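Asks: Please see the structure below; I have some questions.
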Amino acid sequence: MTNTSNLAPQRPMVAPATLGSTHVSIVWDKPVDYREVTGYVVLLDGHQILKTTSKQTHATVVDLQPNTQYTFEVRSLFPQGRIVAATKKIGVKTRPAAQLIDVTQAPYAADPTGKRLSTAALQRAITDCPKGGTVLIPKGTIVLSGAIDLKSDMVFQVDGTLQGSTDPSDYVYAQGDRSKSSQHVNADGLILTRYEGWEMNCFRSLINAGYLTPENRMNMVCHDIRICGTGTIIGGGNQLGDGMKERYHDKQKWPQYVSDGIGGRRVRGRLLSFIQCQNVDIWNVTVKNPPCWTIHMIYCDTVTTHGVNIQSRGIDNGDGWDPDSSRNMMIFDTTFDTGDDCIAIKSGKNPEGNQINILAKNIRIFDLKMIGGHVLAIGSEESGGVDGVSLRDCVVSDTDYGVELKAHASRGGYIRNFKMQDCRVDRFMVHSVDYNADGQAAPTLPVFQTIQISNTQITGNGHSLEFVGFYEPQTGACSDISDVLLDSVTLPNNGNANDPQICVKYARKITFKNVHREDGTAPVIDADMRTIRVLRINGKQSG
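With the numbering used here applied, the sequence shown covers 7 to 549.
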């Protein structure tokens, strides 16, 4: 067996926060040279236990024994049976077995038919759950609930159905409970959270973990949580969201909740909300029908989402997975069917986002299927900055914008160090947008730089690649999109070969290498050379 370093799987590791008492997820990067890789094998204590395709760089291993030491190894497969091992093995010790609490059994006795509200029973089970324990909604049951709060060092396992109430009253703190909560709760029972880039009071989400502390947003107040199971978490959908909006629809009385001219739109809760949480694992469940965004992570550190099915088609603002001023995020093996952005990476909106200045950082996205909606967006709320987003082996289809890096010119902030590799997407847009423009303007224009796309197929017609920087006509200020490299990118054959497929404006240091149509011809580039400094196309330089 040959051990050649550039053919071996790179950086094999336990996916953060995924180690349990009977399971663990392993992830790795492709070899430096993966052109001939046909797949990968995973070994447990020297024995092969599973095989993946060349595009799957993860494996979840189940049915392990609690409190037991194991050694994993990942190997690359090549034609003619050649195998190359990773230079690093992974040693893990599973967690000890822990207590299981069935919420439908005494003393909790949550109604298993879903006909009676069981919020209190479910919350009591969570409160009683010992460190490392599991609260279970068993298979075949339906538990109807309003907002619940998870705590540190617990597992919430949904093998049946958690059905969210459609009554907005079930998502506020009752008068008698407000002083007991660690949350910042206002006179209406709403909690302090963040929405569309600003901190504000909103309804609670169906599942809540952590709380916002304005005096120290980097303090992780909740940690080591897992939400998992073979069942479904269903929110109250538009019926609940509309009910929440209706209570605050008066635009004059509650202007902070106006979005896109719609009163009360920003007051809605989410389906799953994590605030200042660390080491969170979201695994294997189906989550659907939120009142607003589906999974929202605010000021969090280390959240892994995998094996999840996210469904929000038809929901107003039905985003799927939104890391917001959060770092060390990982999502893989997840399917989206959304009514808005499948993934939206955020870091606040001017002026507050510039002042709080907590960036979104180190976000790894791979092996996803994203269908419908607007797909993957970075921004437009990026006032705190976004640094280090990677996208690999993803399929994006039937979407409005494909992958989009965006900001309003007034936003400030930055997006840098974005990489996309081995993907198939409708479009790739890096540009200024003219919406979501409320808020005092930042002192500088946004800065977008260091963007790399490689081995990627673009499938959309028309302007399917766009790189347009920021220009302020009143002052003449300009912020170029800079340091962009496209290497081995294929575009579709246009119906009219003379129609431009790539737009470049207010940009510098843009390099296109081996960028062509499916038939091998060069695409037409709409390049405003008056606003471009250094454009290289297959070794030839302009500007």
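Using N, Cα and C, we set each Cβ at its ideal position, and we do this for glycine too. Computed from a prediction, not measured in an experiment: that's the story for all the values here.
Please determine if the segment 380 to 400 and the segment 420 to 435 are in contact, where contact requires at least 3 C-beta pairs separated by less than 8 Å.
Replies: Output reads yes: the segment 420 to 435 touches the segment 380 to 400.
Asks: With C-beta atoms as the reference, is P72 less than 8 Å away from A116?
Replies: Within the sequence shown, numbered from 1, the residue matching residue 72 stands at position 66. Within the sequence shown, numbered from 1, the residue matching residue 116 stands at position 110. Cβ distance not < 8 Å, so P72 and A116 don't count as in contact.
Asks: Considering only the beta carbon of each residue, do G166 and G146 sit closer than 8 Å?
Replies: By 1-based counting over the sequence shown, the position of residue 166 is 160. By 1-based counting over the sequence shown, the position of residue 146 is 140. Taking 8 Å as the Cβ cut-off, G166 and G146 qualify as a contacting pair.
Asks: Taking buried to mean at least 16 other C-beta atoms within 10 Å of its own C-beta, is Y441 buried or exposed?
Replies: To locate residue 441, count along the sequence shown from 1; it is residue 435. With fewer than 16 Cβ atoms within 10 Å of its Cβ, Y441 is classed as exposed.
Asks: Are the C-beta atoms of D339 and some chain B residue less than 8 Å apart?
Replies: Looking at the structure shown, chain B is missing, and only one protein chain is on hand.
Asks: Given a threshold of 16 other Cβ atoms within 10 Å of its Cβ, counted over all protein chains shown, does L99 qualify as buried or as exposed?
Replies: Taking the first residue of the sequence shown as position 1, residue 99 is located at position 93. The sequence given here has Lys at residue 99, not Leu. Flag for K99 reads exposed.
Asks: Given a cut-off of 8 Å on the beta-carbon distance, is the pair E252 and G270 in contact?
Replies: Residue numbering aside, residue 252 sits at position 246 when the sequence shown is read from its first letter. Residue numbering aside, residue 270 sits at position 264 when the sequence shown is read from its first letter. A contact, by the Cβ cut-off of 8 Å.
Asks: In the structure shown, what three-state DSSP assignment does I538 receive?
Replies: Within the sequence shown, numbered from 1, the residue matching residue 538 stands at position 532. Note: I538 maps to strand in three-state DSSP.
Asks: Which complete beta strand (DSSP E) runs does the segment 231 to 318 hold, if anything under 3 residues is left out?
Replies: As far as the segment 231 to 318 is concerned, its whole beta strand (DSSP E) runs of at least 3 residues are 238 to 240, 278 to 281, 283 to 289, 292 to 294, 301 to 304, 307 to 312 and 315 to 317.
Asks: Secondary structure at A215, three-state DSSP: helix, strand or coil?
Replies: Within the sequence shown, residue 215 is the residue found at index 209, counting from 1. A215 falls in the strand class under three-state DSSP.
Asks: Suppose you measure from the CA of S389 to the CA of L278; what does that come to, to the nearest Å?
Replies: Within the sequence shown, residue 389 is the residue found at index 383, counting from 1. Within the sequence shown, residue 278 is the residue found at index 272, counting from 1. Taking the straight line joining both Cα atoms gives about 24 Å.
Asks: Taking only three categories from DSSP, how would you classify L128?
Replies: What you label residue 128 is simply residue 122 of the sequence shown in a count that begins at 1. Correct three-state label for L128: helix.
Asks: Helix, strand or coil for D330, going by three-state DSSP, please let me know.
Replies: Stepping through the sequence shown from its first residue, residue 330 is reached at position 324. The answer is strand: DSSP assigns D330 an E or B state.
Asks: Nearest CA to the CA of T550: which residue from H414, S470 and E472?
Replies: Residue 550 is absent from the structure shown; the chain starts at 7 and stops at 549.
Asks: Please classify T77 as buried or exposed, where buried requires at least 16 neighbouring CB atoms within 10 angstroms.
Replies: Taking the first residue of the sequence shown as position 1, residue 77 is located at position 71. Under this definition T77 is an exposed residue.
Asks: Starting from E358, trace the alpha helix (DSSP H) in both directions and tell me its first and last residue.
Replies: By 1-based counting over the sequence shown, the position of residue 358 is 352. E358 to I362 is the span of the alpha helix (DSSP H), which, as asked, contains E358.
Asks: Please state whether the Cβ-Cβ distance between G555 and G466 is less than 8 Å.
Replies: Given a span of 7 to 549 for the chain in the structure shown, any question on residue 555 remains unanswerable.
Asks: In this structure, how does DSSP classify T465 when only helix, strand and coil are distinguished?
Replies: If you number the sequence shown from 1, residue 465 lands on position 459. T465 falls in the coil class under three-state DSSP.
Asks: Closer than 8 Å is the cut-off here; do at least three beta carbon pairs connect the segment 509 to 523 with the segment 534 to 546?
Replies: Contact holds: three or more Cβ-Cβ distances are below 8 Å.
Asks: Taking the beta strand (DSSP E) that K367 falls in, what are its first and last residues?
Replies: As a first step, residue 367 must be located in the sequence shown, where it is residue number 361. From DSSP, the beta strand (DSSP E) with K367 extends over A366 to I377.
Asks: Could you tell me whether the segment 135 to 146 touches the segment 177 to 192, using the rule of 3 or more Cβ pairs below 8 Å?
Replies: Touching, no.
Asks: Can you tell me the Cβ-Cβ gap for G26 and R101, rounded? I've got them flagged as a contact below 8 Å.
Replies: Along the sequence shown, read from residue 1 onward, the residue named residue 26 stands at position 20. Along the sequence shown, read from residue 1 onward, the residue named residue 101 stands at position 95. With 8 Å as the limit, G26 and R101 qualify as a contact, their Cβ atoms being about 6 Å apart.
Asks: Less than 8 Å separating the beta-carbons of T581 and Q163?
Replies: Residue 581 is absent from the model: the chain starts at 7 and stops at 549.
Asks: Is the segment 451 to 470 close to the segment 359 to 372, with three or more CB pairs under 8 Å?
Replies: Contact between the segment 451 to 470 and the segment 359 to 372 is absent, because fewer than three Cβ pairs lie under 8 Å.
Asks: Cα separation between K418 and S386?
Replies: Working through the sequence shown from its first residue, we reach residue 418 at position 412. Working through the sequence shown from its first residue, we reach residue 386 at position 380. Looking at the sequence shown, residue 418 is not Lys but Gly. Answer to the nearest angstrom: the Cα atoms are 10 Å apart.
Asks: Apply the 10 Å Cβ neighbour rule to H64 and answer buried if 16 or more other Cβ atoms are within range, or exposed otherwise.
Replies: In the sequence shown, residue 64 corresponds to position 58, counting from 1. The residue is buried, with at least 16 neighbouring Cβ atoms inside 10 Å.
Asks: If you run the structure through DSSP and keep just helix, strand and coil, what is K186?
Replies: To locate residue 186, count along the sequence shown from 1; it is residue 180. DSSP places K186 in helix when its eight states are reduced to three.
Asks: According to the neighbour-count rule (16 or more other Cβ atoms, all chains shown, within 10 Å of its Cβ), is S171 buried or exposed?
Replies: Indexing the sequence shown from 1 puts residue 171 at position 165. With 16 or more Cβ atoms within 10 Å of its Cβ, S171 is classed as buried.
Asks: Does DSSP put G97 in a helix, a strand or coil?
Replies: As a working note, residue 97 is residue 91 in the sequence shown. Looking at G97 - three-state DSSP - the assignment turns out to be strand.
Asks: Decide yes or no for the touch test of the segment 325 to 335 against the segment 34 to 53: beta carbon pairs closer than 8 Å, at least 3 of them.
Replies: Flag = no, the segment 325 to 335 and the segment 34 to 53 do not touch.
Asks: Hey, how far is the Cα of P498 from the Cα of L411?
Replies: Here residue 498 refers to the residue found at position 492 when the sequence shown is read from its first residue. Here residue 411 refers to the residue found at position 405 when the sequence shown is read from its first residue. Using only the alpha carbons, I get a separation of about 21 Å.
Asks: Going by DSSP, which residues form a beta bridge with Y477?
Replies: By 1-based counting over the sequence shown, the position of residue 477 is 471. Its beta-bridge partners are C484.
Asks: Given a cut-off of 8 Å, decide if I281 and I304 are closer than it, judged by their beta-carbon atoms.
Replies: By one-based count along the sequence shown, residue 304 stands at place 298. By one-based count along the sequence shown, residue 281 stands at place 275. Against a cut-off of 8 Å, the Cβ pair of I281 and I304 comes out as a contact.
Asks: Would you mind sorting Q284 into buried or exposed? The rule is 16 or more other CB atoms within 10 Å of its CB.
Replies: Start at 1 with the first residue of the sequence shown, and residue 284 comes out as number 278. Burial call: buried.
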